[in-house]
Amino acid sequence: MTNNPVAGQTAELTRTVTRDDIVKFTDISGDRNPLHYDDNAAKSSKFGEIVVQGGITSAILNAVVAEELPGPGTVFLSVNWDFKAPVRPGDTITGRVEVIEARSDKPVTKLKTQVVRGDGTIALDGTAVCYTMSFD
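Here the UniProt record's numbering is used: the first residue of the sequence shown is 1, the next is one more, and so on.
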């Protein structure tokens, strides 16, 4: 956890995505796109197999900013994310953030954000602006 982030600081978390994650995310979101469930539909798509919802891919970044950098009390104010490659059940993904800018007048931080698959492929790339609330 970082109380006063500075430009250049980095943090990351890694996890393996499962088919159960798809089921859980569907329960929360209602996203029942056949690309996430139907093997035949997914095989006939450009992805060639089941892919997880984008919300699962990006969710690891929620954990990084809330748990690591900037840390507890942090929420996203805005995000600008490009989904570059699919994530599939069984993939290990790493969410990475790097502080680009930390304002001195208020607890607002701009981050470079990425989600990288275990094979080194960037699945998500972009930026986020966060606000960190104090619990004092």
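The C-beta atom is built at its ideal place from N, Cα and C for all residues, glycine as well. Since this is a predicted model, take the numbers as computed values, not measurements.
(request) Determine the direct distance from the alpha carbon of CYS130 to that of LEU13, and round the result to whole angstroms. (result) Position 13 of the sequence shown, counted from the first residue, corresponds to residue 13. Position 130 of the sequence shown, counted from the first residue, corresponds to residue 130. Near 18 Å, if we compare the C-alpha coordinates of CYS130 and LEU13.
(request) Would you kindly work out how many angstroms separate the C-alpha atoms of PRO72 and SER44, rounded to a whole number? (result) Locating residue 72 in the sequence shown gives position 72, where the first residue counts as 1. Locating residue 44 in the sequence shown gives position 44, where the first residue counts as 1. When rounded, the separation of the alpha-carbon atoms in PRO72 and SER44 is 42 Å.
(request) Starting from GLU98, follow its DSSP beta bridges and name the residues at the other end. (result) Here residue 98 refers to the residue found at position 98 of the sequence shown. Looking at the DSSP assignment, GLU98 forms a beta bridge with THR10 and LYS112.
(request) Buried or exposed for GLY30, please, with buried defined as at least 16 other CB atoms from any protein chain shown within 10 angstroms of its CB. (result) Sequence index remark: in the sequence shown, residue 30 carries index 30 (1-based). So GLY30 ends up on the exposed side.
(request) Indicate the three-state DSSP secondary structure (helix, strand or coil) for ARG117 in the structure shown. (result) The residue you call residue 117 lines up with position 117 of the sequence shown. Note: ARG117 maps to strand in three-state DSSP.
(request) Give every residue of the same chain whose Cβ lies closer than 7 Å to the Cβ of PRO5, excluding the five residues on either side of it in the sequence, and list them in chain order. (result) Locating residue 5 in the sequence shown gives position 5, where the first residue counts as 1. Cβ within range, chain order: LEU69, PRO70, VAL99, ALA102 and THR109.
(request) Would you grab the beta carbon distance between THR10 and ARG96 for me? Rounded to a whole angstrom, and I think it's under 8 Å. (result) The residue labelled residue 10 in the question sits at position 10 within the sequence shown. The residue labelled residue 96 in the question sits at position 96 within the sequence shown. The beta-carbon distance between THR10 and ARG96, rounded to whole angstroms, is 7 Å. This is short enough to meet the 8 Å contact definition.
(request) Going by CA-CA distance only, name the one from ILE28, ASP27, ASN80 and ALA66 that's closest to ALA128. (result) Along the sequence shown, read from residue 1 onward, the residue named residue 128 stands at position 128. In terms of Cα proximity to ALA128, the closest of ILE28, ASP27, ASN80 and ALA66 is ASN80.
(message) For a test of the three-state rule: what should DSSP assign to GLY126, helix, strand or coil?
(response) On the sequence shown, position 126 is the one that residue 126 refers to. If DSSP states are grouped into helix, strand and coil, GLY126 belongs with the strands.
(request) Could you tell me whether the Cβ atoms of VAL51 and LEU35 are closer together than 8 Å? (result) Mapped onto the sequence shown, residue 51 falls at position 51. Mapped onto the sequence shown, residue 35 falls at position 35. Cβ atoms of VAL51 and LEU35: closer than 8 Å.
(request) With a 10 Å radius around its C-beta and 16 neighbouring C-beta atoms as the bar for buried, classify ARG117 as buried or exposed. (result) Position 117 of the sequence shown, counting from 1, holds the residue named residue 117. Classification for ARG117: buried.
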